[in-house]
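Below: one structure, written as structure tokens.
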Amino acid sequence: MVQQGRGSAMLATVLVSLLVVQLEVAQAATYTVGGAGGWTFNVVGWTKGKQFKAGDVLVFNYNPAIHNVVAVNNAGYKACLTPKGAKVYKTGKDQIKLSKGSNFFICNFSGHYDGFDLGLGNGVGGDAVGFDGDRGRCRHRLGSSLAGDGTISEKA
0 MVQQGRGSAM LATVLVSLLV VQLEVAQAAT YTVGGAGGWT FNVVGWTKGK
50 QFKAGDVLVF NYNPAIHNVV AVNNAGYKAC LTPKGAKVYK TGKDQIKLSK
100 GSNFFICNFS GHYDGFDLGL GNGVGGDAVG FDGDRGRCRH RLGSSLAGDG
150 TISEKA
């Protein structure tokens, strides 16, 4: 009789655990980054009015011949650089699950960010003149911070 009681309790525990997992999966939302336009330049403002949660999935649709998605840290995001070990996605239909905390994404294709430039031209007297550019703002990036309240804020 005691055996049967333990078996029933164990079965009930397993069923409750499965129910909890199902509820978590059911509550996760899927968002297509950039909406119908997909992952392209100027996705700024796309997050407006949306509330993201850890576990939600971002879908990045893009042409893999001219774009990619790189999950970077805050420093990589601010500098628009790909840190060593960063995860690079390049299928054109990437699905990335948001984790709790900060989530940052950039495209690291050449020309999709403004970096330090060294331009060589002819100055007075035919001497070469170098121009050092400032690190500009990434033209193709998306950053978010998943706060405790489940909202996401776009980084500038």
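In this text, residue positions in the sequence shown follow numbering that gives the first Met the number 0: the first is 0, and each later residue adds one. Each residue gets a CB set at the ideal place from its N, CA and C atoms; glycine is no exception.
Could you check what DSSP says for lysine 77 in three-state terms: helix, strand or coil?
In the sequence shown, residue 77 corresponds to position 78, counting from 1. It is helical.
Residues in the same chain with beta-carbon distance under 8 Å from aspartate 55, minus the five sequence neighbours each way, listed in chain order, please.
Along the sequence shown, read from residue 1 onward, the residue named residue 55 stands at position 56. The residues are Ala27, Ala28, Thr29, Tyr30, Lys96 and Leu97.
Glycine 54 - partner residues in DSSP beta bridges
Taking the first residue of the sequence shown as 1, we reach residue 54 at position 55. Paired residue(s): none; glycine 54 is not in a bridge.
Could you name the residues of the same chain whose beta carbon sits closer than 7 Å to that of asparagine 107, not counting the 5 residues immediately before and after it, in chain order?
The sequence position of residue 107 within the sequence shown is 108, counting from 1. So the qualifying residues of the chain are Asn67, Val69 and Thr81.
May I have the straight-line CA-CA distance separating alanine 53 from serine 109, to the nearest angstrom?
By 1-based counting over the sequence shown, the position of residue 53 is 54. By 1-based counting over the sequence shown, the position of residue 109 is 110. Going by the C-alpha atoms only, they are around 31 Å apart.
Using only the alpha-carbon positions, how far apart do lysine 86 and alanine 74 sit?
The residue labelled residue 86 in the question sits at position 87 within the sequence shown. The residue labelled residue 74 in the question sits at position 75 within the sequence shown. In a straight line, the C-alpha of lysine 86 is about 15 Å away from that of alanine 74.
Could you give the DSSP three-state label for alanine 35: helix, strand or coil?
As a working mapping, residue 35 is identified with position 36 in the sequence shown. Alanine 35: helix per DSSP, three-state reduction.
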